[in-house]
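Here the protein sequences line up with chains A and B, keeping their order.
Just so you know, the first sequence maps onto residues 1347 to 1545 in the working numbering.
Just so you know, the second sequence maps onto residues 167 to 631 in the working numbering.
For every residue, glycine included, the Cβ atom is placed at its ideal position computed from N, Cα and C.
These notes are about the structure you will find just below.
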Amino acid sequence: MSTLAWLAVILITVTSVGLLLARDWRWLIIFLSAQYFGMLILTLLHWPLGMASVKVVAGWMSAAILGMTRSGLPREDKTEKQSGLPRGRMFRLFAAGIVVMVVATATPRVDAVMANAGFAVTSGGLLLVGMGLLHLGVTDHILRVTIGLMTVLAGFEVLYATVERSILVAALLALINLGLALAGSYLLIASNAQTEEPA
Amino acid sequence: MNAPTIWIIAPIFIAILLLPIRNQRVLSIVGGLVTILLATAAQFVPIEEAFRFGEFSIKIDSSLAVLGRILEIKPAEGSLLAIIYGATALWFFGAEASKTATRIVPYGLLITAFMVASIAVEPFLFAALFIELAVLLSVPLLTRINQPPGRGIVRFLIYQTLAMPFILFSGWLLAGVEASPGDIALAAQSASVLGLGFAFLLAVFPFYNWIPMLMEEAPPFIVGFLLWILPTVTIIFGAGFLDRYSWLRSSPQLVTALQYAGLLMIVTGGLWAATQRHLGRIMAYSSIAETGFSILALSLDPRLGIPILFLLLPARALGLAVWSLSLTVIKDQSETLRFGAVRGLLRSVPFASAGLVLASLSTSAFPLLAGFPARLALWENLSRVSLGAALWLGIGIIGLLTSSFRTMAVLSMAEEYTSWELGEDWLQGIMLGLGMIGIFVLGLFPQFVQYFLSNLPAMFEHLGR
């Protein structure tokens, strides 16, 4: 199980960095879905399969909501290009590298606070939180902001699953993930009104 | 029959039923009557006590089990529910006048029900999850699907969502501190995480930049509703943390942190409000200062601070309702809410202009208005703790007063021979007139609300006793 957990951490690293670098929305949705699979593996270390699968199902449903909404919008989203925030891939890769280093440094200390969480779970959770926060810091595009928030929440859920096994919390967090995807989709459709208006 | 079904689940069902209705008047009246009914029931129907209703004997249980956890509305919380649903009724009755009933009534009722659920859920720190659900419901309330969203709503969503993990995580850390009270490092970590969570949730300096942005982008009446319900319930949730953890309650560092945070919000809110040239942004900064007053009340000795905290609630609700309705009426009359565009509007929308100035003065602690008694009590008690802090509070209030007088001056700067008109319709006039009377009544007879407030400290086990 430990090897599988570390494989999940590698998967999460690839998907979260991929989310930062990808420019095509299809890749964003694919990386997000794969990220929830990594999250499932890490959650399985502390939760039974039935409860852990709630997270991945809610995550995939959220990804599907965002994907379906984006697929109905114009092919090229001008709102992202209008942003003055940095979009260069090298810059983002460098920033992601710094996050990985910070996570590697912080994991032993945080793991000492998290009772019996395990290095893989702690580093996976922190990596998701860090990458999500980085994502929120470098974009104001609504699809990316929603994905950034979902990534932060996914990281938190991985860590929180080690200390809280309440069904109510699992259900509410799943509801919040779906709600976030719906709110993001709503704002995405609304922001598209701006690009259509001038025409 | 149980209390969570009446005050949480039933409103959620009613709100869902109201969603397809498009008639502003029907929504406003139905929503207003439902919330008034819920408020009246909360105040007068006893919980966990049998009472006779005609030939029937009824007993309302306080709790409801949901997925292994409990939603519990304690008998002492009845008055708080009465205030929350009563204040919501203010917005719902004013919804038709502001032409926002199709959005604010169904979504507002859902948000109110979730906020009540956040007060009722046990363990209490799960409240953060319900508050987050309410925040997500605010998104369709704040923006239309055919209108591009601004940056304010995106920041609102980010900041409020980031609060939830911090608060849930701090709850777990705090339990660890209880188990090993000697672990100073863990106590400091948990207090920091908790503080960060509440800083996001209550929009403490510097996390409040979304409020002025939102006031420029979204309908003022709707933002006013959110600026009432979200901080009010969050502050009570925060007081719950102090009540639950004795080491937190007795920590001198926490008292200092609350005092600094409250003063920072009052001073920056007041000074920023004084320098704004946009009526919406002035309301935004004043509401930030208003939250600062509540945080400052929490920093006082709980026997004094908690009653002051509850005394701030009705004035805040009434002030924001009148203020946001006035801004809505003024926004209908001018292109923007900038000073240049609203100059001299006192002569064309006198009720809205007067309501705006009165609500602003009430927030600024102007004597004989609704906000004055609570702020006077707060100032007096703060001066006994620290004269320096009282001085800073005075600076913040001067800033708020300056913004009120600037607003009054701009609204009354009409051309010399401009005739007086009544630009409001009859409903807007009546709602604003009643609101202004309410602001005077709460200021002149503050004991009037004591009927609702006197038992509220009993909802806490340790605070306010």
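- Membership of B/A231 in the beta strand (DSSP E) is indicated by the continuous run S229 to V232.
- Close partners of A/F1440 in chain B (Cβ separation under 9 Å) are lacking, with about 23 Å as the shortest Cβ gap.
- For A/S1399, the enclosing alpha helix (DSSP H) begins and ends at L1395 to S1417.
- Chain A places no beta carbon closer than 9 Å to that of B/F364, leaving this residue out of the contacts.
- When the five nearest sequence neighbours on each side are left out, the beta carbons in the same chain lying within less than 6 Å of the beta carbon of B/E587 are those of S514, in order along the chain.
- Excluding sequence positions up to five before and after B/L437, its CB lies within less than 8 Å of the CB of I561, G562 and G565, all in the same chain and listed in chain order.
- Cβ-Cβ separation between B/E243 and B/M625: approximately 5 Å, consistent with a contact (criterion under 8 Å).
- Not a single CB atom of chain B sits nearer than 9 Å to the CB of A/G1396.
- B/R235: member of the beta strand (DSSP E) spanning R235 to E238, first to last residue.
- When secondary structure is reduced to three states using DSSP, B/A440 falls in the helix class.
- For B/F371, there is no enclosing beta strand (DSSP E), as DSSP gives it neither H nor E.
- By the neighbour-count criterion, in which a residue is buried when 16 or more other Cβ atoms sit within 10 angstroms of its Cβ, B/D349 is exposed.
- Interface residue (Cβ-Cβ distance to chain B less than 9 Å): A/V1400 is not classified as such.
- The beta carbon of B/F335 sits closer than 7 Å to those of V359, all from its chain and outside the five residues before and after it, given in chain order.
- Nearest in C-alpha terms to B/A384, of all of B/L291, B/A357, B/R447 and B/S356, is B/R447.
- Taking a C-beta distance under 9 Å as the contact criterion, A/A1441 and A/V1484 qualify as a contact pair.
- Counting C-beta pairs with one atom in each stretch, the stretch 1394-1411 of chain A and the stretch 1354-1365 of chain A have fewer than three that are closer than 8 Å, which means they do not touch.
- When Cβ-Cβ separations below 9 Å define contact, B/P170 makes no contact with chain A.
- Collapsing the DSSP output to three states places B/V515 in coil.
- Here the alpha carbon of A/F1437 sits roughly 21 Å from the alpha carbon of A/T1451.
- Proximity of chain B to A/S1512 at the Cβ level (cut-off 7 Å) is accounted for by G234 and R235, in chain order.
- Rounded to the nearest whole angstrom, the C-alpha separation of B/G595 and B/A261 is 13 Å.
- For B/N312, the secondary structure class from DSSP, reduced to helix, strand or coil, is coil.
- The contact set of B/V305 on chain A, defined by CB atoms closer than 7 Å, consists of A1529, Y1532 and L1533 in chain order.
- DSSP links B/N547 through a beta bridge to no other residue.
- B/V305 is positioned such that its CB atom lies no closer than 9 Å to that of B/V196.
- A residue is called buried when at least 16 other Cβ atoms come within 10 angstroms of its Cβ; B/T266 meets this threshold and is buried.
- Non-local C-beta neighbours of B/F387 in its own chain, meaning closer than 8 Å and more than five positions away in sequence, comprise W257, G260, A261, S264, T266, I270, S490, L491, L493 and T494, ordered along the chain.
- Counting C-beta atoms within 10 angstroms of its own C-beta, A/N1523 has 16 or more neighbours from the protein chains shown and is therefore classed as buried.
- Residue environment: B/T584 is assigned as exposed (fewer than 16 neighbouring CB atoms within 10 Å of its CB, all protein chains considered).
- Between the C-alpha atoms of B/L328 and B/P397 there is a straight-line separation of about 16 Å.
- For B/F476, the enclosing alpha helix (DSSP H) begins and ends at P468 to Q499.
- Within 8 Å of the CB of B/N312, the CB atoms of chain A belong to A1536 and A1539, in sequence order along the chain.
- Apart from the 5 residues on each side of it in sequence, A/A1380 sits with its Cβ closer than 7 Å to the Cβ of L1357 and T1361 in its chain, given in chain order.
- The C-beta of B/M330 comes closer than 9 Å to at least one C-beta of chain A.
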